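Residue numbers (this note's numbering), protein chains in the order written: chain W, 3 to 191; chain V, -6 to 226.
Where is the CB? At the ideal position from N, CA and C, for every residue including glycine.
Computed from a predicted model, the values in this text were never measured in an experiment.
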Amino acid sequence: MDPERVQERNEELVRLLHLTARGDQQAFARLYELTSPTLFAVCLRMLVRREWAEEALQEAYVKVWHKAGDYNASRGNVLTWLVSIARYLAIDVRRARGRRPEAPLSDEDMGRITDDDAGPMEQFLAQDDAAALQRCLDELSDTQRQTITLAFFQGLTHHELSSRLKRPLGTVKSWIRRGLEGLKQCLQG
Amino acid sequence: MPAGMRYRDLELQDRLAAEYVVGTLHGRARRRFERLMLEFPTLCEAVHGWERQLNAVAAGLPERQPPRRVWRRIRARIQPERRGLMDWLGWPAATATATAAAAVLAVFLVVSVPTAPPESYVAIIAEDATTPLWTVTADPETGELNISAVGTVAAPEGKALELWLMPPASGEKPRSLGLLPEQGSRSVALPVDAARAGGAALAVSVEPPGGSPTGQPTGSVVYQARFVTPRSG
């Protein structure tokens, strides 16, 4: 998607969010229609169980309804902001509900996050951020990259990572810490 | 060194922020971090920075269409009507514990579920007509009662807020539904009374940490609400 189109798309979401903040239910419905498939994908990946993902999604949009006025451009584009809200709720649902079925590893979990067959919404947001992050992930060691992406996309805890990767807890923690430091340096560089 | 001081170290802040966004900051550390974000603006900035970088990428997952019922539930929770206010005005006197509630205005709002068949009872515990604090949803089908904090609601220092199901008749005792979550949501088994009594009343009392030691409300009642009888059609 060309940058102008991306910009337009985000402006539309900003407009809908602005109306939502003023209590416009129609605008909120449209915002939901446009963005919920992306947020549901995020929740589903983290929670695996559909009913948990539905719960997180529901809580996310109830929160968006009440907090729409909190958004500003410093939070990134609207979709990123919405994803942040959904991710935190998914993390909370995950912690509250405890164990969930193990998901098979996907490309993202293995550190491949950009997708050539991306749909319109993902292209909309993938663009530069994803490319930069992918480049920086590629610079990490395989273990650092995999631990971070597993934790991020599947919402695994340190303990779950340790048993999943069959490595001691301390090792897993240090992979994550060093990996994140590496990412930070690379993204700033 | 005071506990908060460590967080002024920008490098440490950034590392914790990254783990917060990734999700590997767990349990009490996660809750503590959330509190500190209110106190240290630089912590928020660090979190927002990582959100912009990482969550932009999470949004790149292939889209998945959620079932329609999710939207119906969301809509049911954001469409409060004021119906029933008059009923409410005459109500608090009916419950003995409510007499302690003088200081706080309690409001209950009626939620309609226009299209779907009535799935559940809903009560909104609110500060006033425009400030909902918790939603309480009773789903007789699953036997679950879900309590969700709408925003972040802090109990008074050193106290906890406990939710009670008020008895339909005098002479019976309130039943504890547990502590109210300060944020996020919590589910408990739905007491049988609540499942059949569409108009059952709820009350919130201030209790010692961990909840009432006696099994009955011991502190003042600060909020009240009532489950709404589902309407058909």
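Distance from the CA of R61 (chain V) to the CA of S38 (chain W), rounded to the nearest whole angstrom, comes to 11 Å. With its beta carbon less than 8 Å from one in chain V, Y63 (chain W) belongs to the interface.
At a cut-off of 8 Å between beta carbons, D132 (chain V) makes no contact with chain W. A distance below 7 Å between beta-carbons, with the five flanking residues on each side excluded, links V95 (chain W) to the following residues of its chain, in chain order: L49, W54, E57 and A58.
Excluding residues up to 5 positions away in sequence, L15, L18, L19, T22 and V66 lie with their Cβ nearer than 8 Å to the Cβ of L33 (chain W) in the same chain. With contacts defined by Cβ atoms closer than 8 Å, S180 (chain V) and N139 (chain V) form a contacting pair. Cβ-Cβ separation between A51 (chain V) and D7 (chain V): approximately 19 Å, too far for a contact (criterion under 8 Å). Within a 10 Å sphere around the beta-carbon of T123 (chain V) sit fewer than 16 other beta-carbons, which makes this residue exposed.
Look at G53 (chain V) here: in three-state DSSP terms it is coil, with no helix or strand label. By the CB criterion at 8 Å, R147 (chain W) and L139 (chain W) fall inside the cutoff.
Nearest to G71 (chain W) by alpha-carbon distance, out of W:F42, W:G100, W:E35 and W:D26, is W:D26.
In the DSSP annotation of this structure, Q28 (chain W) is not part of any beta strand (DSSP E); the continuous alpha helix (DSSP H) holding it starts and ends at Q27 to L49.
Residues of chain V whose Cβ lies closer than 8 Å to the Cβ of W177 (chain W) do not exist, since the nearest Cβ in that chain is about 11 Å away. Around Y34 (chain W), the beta-carbon contacts reaching into chain V at under 8 Å are W64 and I67. Taking 8 Å as the cut-off, the beta carbon of V64 (chain W) is found no closer than this to the beta carbon of R219 (chain V).
For P174 (chain V), there is no enclosing beta strand (DSSP E), since its DSSP letter is neither H nor E. Interface annotation, V143 (chain V): in contact with chain W, CB-CB separation under 8 Å. Counting only Cβ-Cβ distances below 8 Å, S164 (chain W) has no contacts in chain V at all, with the closest Cβ about 11 Å away. S143 (chain W) and R47 (chain W) have their C-alpha atoms spaced approximately 24 Å apart. Not one beta carbon of chain V lies nearer than 8 Å to the beta carbon of Q9 (chain W). Taking a Cβ-Cβ cut-off of 8 Å, the neighbours of E44 (chain V) in chain W comprise R77, G78, T82, W83 and S86, given in sequence order. In this structure A75 (chain W) is exposed. Its beta-carbon is surrounded by fewer than 16 other beta-carbon atoms within 10 angstroms. In the DSSP assignment, D121 (chain V) falls within the beta strand (DSSP E) that extends over Y114 to D121. If you draw a straight line from the Cα of Y216 (chain V) to the Cα of E32 (chain V), it is about 28 Å long.
Between the alpha carbons of E27 (chain V) and T128 (chain V) lies a distance of about 22 Å.
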